[in-house]
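One rule links them: number in my numbering = place in the sequence shown (from 1) + 342. Where a beta carbon is used, it is the ideal one built from N, C-alpha and C, also for glycine. Below you'll find the structure, written out as C-alpha cells, and then a few comments.
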Amino acid sequence: MDTKALNAVLCAFLLVPLAGSVAPPPLSEIDSEGLQLMGQGQQTTVPEQVAVSWANPGPWWEWTSLDIDRNGIHDSLQEKSGMVWVGLSYSREVTMSDHEVLKSMGFEVKMEAHSVDAVLLGQVKSSDLTILSQVEGVVMVEGYGTIELFGDIQTPAVKARNSTLYPGAWDLGVTGRGVNIALTDTGVDNEHPGLVGKFVAGYDAVCYNPTDPNCVLAGFGFRPTDGTFDPDDGNQHGTACMGMASATGIEPDGSQSNFTGSAPDAKLVDVRIGTDLGAGPFENYLLEQEFYESAMNGIQWIIDHKDDAWQGASEEDYGIDIISLSWGITSHETGGSDGTDMHSRILDEAMEEGVTVSVAAGNSGPDNDGLSGMGSSSLSVTVGATDDMNTIDRSDDTVASYSSRGPRRDNGDGNPLDELKPEISAPGTNIIQAEGCVTSDGCNNFIGGDASQNTYTGRGSGTSYATPAVSGVIALVIEANGNLTPLQIKEVLKQTAERRGEPSAPEVDPYWNRDFGWGMVDARAAVSLALHLDETGQTEAVDASLQNHLLNLIDSNGTINVTGHAWGQLGSIEGVEFRIDGGEWQDATYSAVPGEIGALTPFMWHVILNPTKLSEGSHQIEVRAMAEGAFSLPVLVTVHGTAGSATDFSVPPIVIVGILVVFVIWVASLALVRLRSDGEIDSLISRLRKEDDSVVDEVLEAELIPEQGPE
C-alpha cells in the first residue's frame, strides 16, 4: 500500500472521534444564570393531551352494571321467588310523602338512609318488585346482601413506630392525637388496658330502638342515640381491630409492651353493628338481614354526627374523622359489586362529607369474582393484606394468600380508574393484638364483664386486620395536616406507598397492581408529605386527579437530572414547574412527542441543573404538575450543589476540544514515524541536514558582505 495513502487513512481514523467532540454540547442553558439546562429532544412547551371522556357520566342509575336491562330492579332479584329483602333508591331526597305512599301500598319503611336517598323495606313479595320499581321517584329496587366480617410486627412494619430497619412516623411528632376513629364493628371492650381512656362516644346500631321486636335485648331499656351509649364487644373482632388501630400496648400490670396500634393516641367512637350476644354474620341475629340494616344505620349515624361535640370530651376530641370497616357486603351478582350498591354509595357520601373511610378488600383470595359491597366503594380507601413473614423487614413481604384481588367490577360509567381496587395494602397475617377475649384465665368475654385484665393474643389473619392498621396511619396523617380532605389523604397514601408488583393495567395507570394496589402503606413517608404540604401552605390547592411521579434522579458526573412523568385523570395538565429550596417556581422541560397524546398517557418532564451554579451542600427540589389553578402532590428530592467547593472547576468545551486535537495529532505523528522504513528515515534526516547546511551558508554569505562606507 502506498505510504501516503496509508498515512491519510490513519489520520482520518484517529480524527473520527473528534467529530462528536466538536459538535455542540448535548445540554444547552435556558436561563441567564446558566443553572437550568435543556437536553436534546426536549422542549419548553407541555405536550398536547386528548381530553378525557368520563368527567360527567350522569347519574349512577343510568350506567350501573347491576341493572343491565335498565328496568329499575337489580338483576340479582329478577329470578327470585317468594320473599325477598329490598331497599329503594330515589333520584332525589326522600320525603314524608314518599313514606306515606309506601305505607298506603302496604310497605313499612324500616329505616331511611338519607345520605344516599334510600329507604330499607325489609321483606317483600318478589311479585311486588315491579310495582315498587314504578313508584314515583324510585330509580332502583336493590336486594339486601349479607355482612361478612372479614401486632408487635405490624406497627413497625407499616413504619408507624420506628425500628432498627426503618425510621417511624412517630418520630415526626405524630401519634394520632386529636383524631377520632369510628370503629364500626362488633363493639369494643374499651376497659382493656391498651384501650383505656380512648372512648369518646358510642352508638348501638342494632338496639337503638327498644321497641323493635327483632332486637335480642328488646325491653332492656332505652339506648341513647346522642353518643353517650358505650357498647361492649361480645365477639372479640371489634376489640382486636381497635387495638390494631390505636392500642397503647399497656399490659394489665401497667408495663409497656410492643403491641401498639399505628396511632396510639387516637380516640374511639364505638359504633356497634353486632348484637349484645356477640353476633357476627349468621350468629345470634334472628335474621341475617338485620345485620345489613344495622350496618346501614350505623354508617348513616356516623355521617349525621360527624361534627358533634361529644359529652364529656375535650374540644380536640369532638366529631368523627375516620370510619374503619373490617367487613363487607356479599354481592349476589356474578362479578361482585360495581360500587353502585347502597352500602358502597353511602361510603362515597361519607368521603364527600369529610370522613375518611378505610375498608377491607375481602378474604376471597386470588380467584375472587370481583369485590364485595363497601370494598367496592369508588371513593373509599380499600385495603388489601400482606404477609409480613413475621419480620419488620418489608423486603420479604408478599401478598397474603387470602387477600381479595382487584379490579372491581366495571360500573359502566366509562371511567376505568374507579375499578382499580384495592388502593393500598398492609400486614394482615397472624396479627397479635388486644384480647377481646379468648379462653385464657381471667379473660371475660361477656357483656357486663371486665376486660381490664386482658392482655394481647394472636387473633388470626385477614384484610380485617390490615384495615385498622391503615386507619391508624390515616390518623397520623390527619394529625400532621388537619386540612387534608379524604380524597387528598387517599392520594397521599397512594403516592407514598412502597411499590410492589408489575402494573396490572398499565394502559390505565402505570403503578396499580391487582394484589398490592399502589403499594404497601408507608406511614413515615405519608406523614412527611402531609407535613410538607401544611408547612408550605399548599394543601387547599392539591387536586388528587393530577398525577405527578418521579422516574429517576441523577446527581453525579457534573449534572443534576430529575426526570418524572405527569398526566391528568379528569383533564389535561397545563404544565410542570419546580423550585429549589422553596424559592420561585420555574418551568420544567418536556420530552418532545409527535402530536397529541391520549387520555391517561403520561408525558415526561425534566429538571436538569448545573450543580456548579448551586451553593455547596444539600438542596431540596420540589416538582409539581398544575392545571386550572390546582396542583398535584409534589415530588421532593434532595440534590447537592458544588459552587465554591474544591470540585468547582470547569473547563470550557472549546478548550477540551483543542487539547484533544493537539493530543491526537501528536499520537498520529508518532504513528507515522513508526510506519517509515529505516532507509526512509535516514534519507529524511540527510535531506533535512542538507537543507540546514544551505541555510547556514546563506546566513554566512549575508554576514560576509563588506560594509559600504559613506559616499
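Sheet register partners of residue i (DSSP bridge)
i, result
"Asp-929", "Glu-919"
"Tyr-798", "Ala-776"
"Leu-667", "Val-701"
"Asn-398", "In DSSP, Asn-398 forms no bridge with anything."
"Pro-769", "Thr-728"
"Ala-502", "DSSP lists no partner for Ala-502."
"Ile-592", "Gln-598"
"Asp-527", "Arg-614"
"Val-949", "Val-904"
"Val-516", "According to DSSP, Val-516 bridges with nothing at all."
Through-space distance from residue j to residue i, alpha-carbon basis
i, j, result
"Gln-496", "Lys-836", "19 Å"
"Glu-882", "Leu-826", "7 Å"
"Glu-916", "Pro-764", "29 Å"
"Pro-359", "Thr-506", "In this prediction, Pro-359 scores a pLDDT of 48, lower than 50, which makes its location untrustworthy; the coordinate-derived value is nonetheless stated afterwards. Going by the C-alpha atoms only, they are around 52 Å apart."
"Pro-368", "Asp-876", "39 Å"
"Pro-399", "Ala-941", "16 Å"
"Glu-490", "Asn-899", "57 Å"
"Gly-814", "Ser-718", "21 Å"
"His-982", "Leu-689", "46 Å"
"Leu-762", "Tyr-853", "11 Å"
"Asp-711", "Arg-747", "9 Å"
"Leu-629", "Glu-635", "With a pLDDT of only 44 at Leu-629, under 50, the local geometry of the prediction cannot be trusted, and no value is derived from it."
"Arg-841", "Gly-518", "25 Å"
"Leu-893", "Glu-533", "49 Å"
"Asp-574", "Gln-598", "24 Å"
"Val-443", "Gly-429", "15 Å"
"Leu-667", "Ala-702", "6 Å"
"Val-812", "Ala-985", "44 Å"
"Leu-912", "Asp-851", "13 Å"
"Gln-476", "His-874", "53 Å"
"Gly-704", "Glu-657", "36 Å"
"Glu-844", "Asp-646", "41 Å"
"Gln-653", "Thr-602", "27 Å"
"Val-780", "Arg-687", "Low local confidence applies: a pLDDT of 45 at Val-780 is under 50, so the model's placement there is unreliable, and no value is given."
"Gly-1054", "Ala-908", "There is simply no residue 1054 to check, as the chain begins at 343 and stops at 1053 in what is shown."
"Asp-649", "Asp-659", "10 Å"
"Trp-947", "Val-394", "21 Å"
Simplified DSSP state of residue i, which is helix, strand or coil
i, result
"Ser-720", "coil"
"Gly-603", "coil"
"Trp-403", "helix"
"Asn-639", "helix"
"Gly-784", "Per-residue confidence for Gly-784 stands at a pLDDT of 46, beneath the threshold of 50, marking its modelled position as unreliable; no derived number is given."
"Glu-938", "coil"
"Glu-454", "strand"
"Ala-547", "coil"
"Arg-966", "strand"
"Ser-714", "coil"
"Pro-623", "Note on Pro-623: pLDDT 34, under 50, position unreliable in the model; no value is reported."
"Val-538", "coil"
"Gly-585", "helix"
"Ala-793", "coil"
"Ser-957", "strand"
Under 8 Å between C-beta atoms of residue i and residue j
i, j, result
"Ala-692", "Ile-644", "yes"
"Ile-974", "Leu-514", "A small correction: the amino acid at residue 974 is Ser; Ile does not occupy that position in the sequence shown. Cβ atoms of Ser-974 and Leu-514: not closer than 8 Å."
"Pro-953", "Ile-902", "yes"
"Trp-427", "Tyr-486", "yes"
"Gly-539", "Asp-612", "no"
"Ala-455", "Met-684", "yes"
"Thr-488", "Thr-672", "yes"
"Val-741", "Phe-858", "yes"
"Arg-751", "Gly-677", "yes"
"Asn-757", "Trp-396", "yes"
"Ala-872", "Val-819", "yes"
"Asp-729", "Thr-797", "no"
"Arg-866", "Glu-919", "no"
"Ile-774", "Thr-799", "yes"
"Lys-467", "Asp-864", "no"
"Ile-963", "Val-904", "yes"
"Pro-530", "Met-584", "One point to set straight first is that residue 530 is Val, not Pro, in the sequence displayed. It is a contact, given that the beta carbons lie within the stated cut-off."
"Ala-768", "Thr-581", "no"
"Ile-766", "Val-723", "yes"
heavy atom of the ligand FAD below 7 Å from residue i C-beta
i, result
"Val-723", "Here there are no bound small molecules, and the ligand FAD is not part of this structure."
**Report entry** Runs of alpha helix (DSSP H) wholly within the region 850-900 (minimum 4 residues, chain order)
**Finding:** Qualifying alpha helix (DSSP H) stretches, in chain order: 865-877.
Query raised in the report: What are the start and end residues of each continuous beta strand (DSSP E) run of 3 or more residues lying completely inside the region 423-450, in chain order?
Result: Listed in chain order, the complete beta strand (DSSP E) runs (minimum 3 residues) inside the region 423-450 are 425-432.
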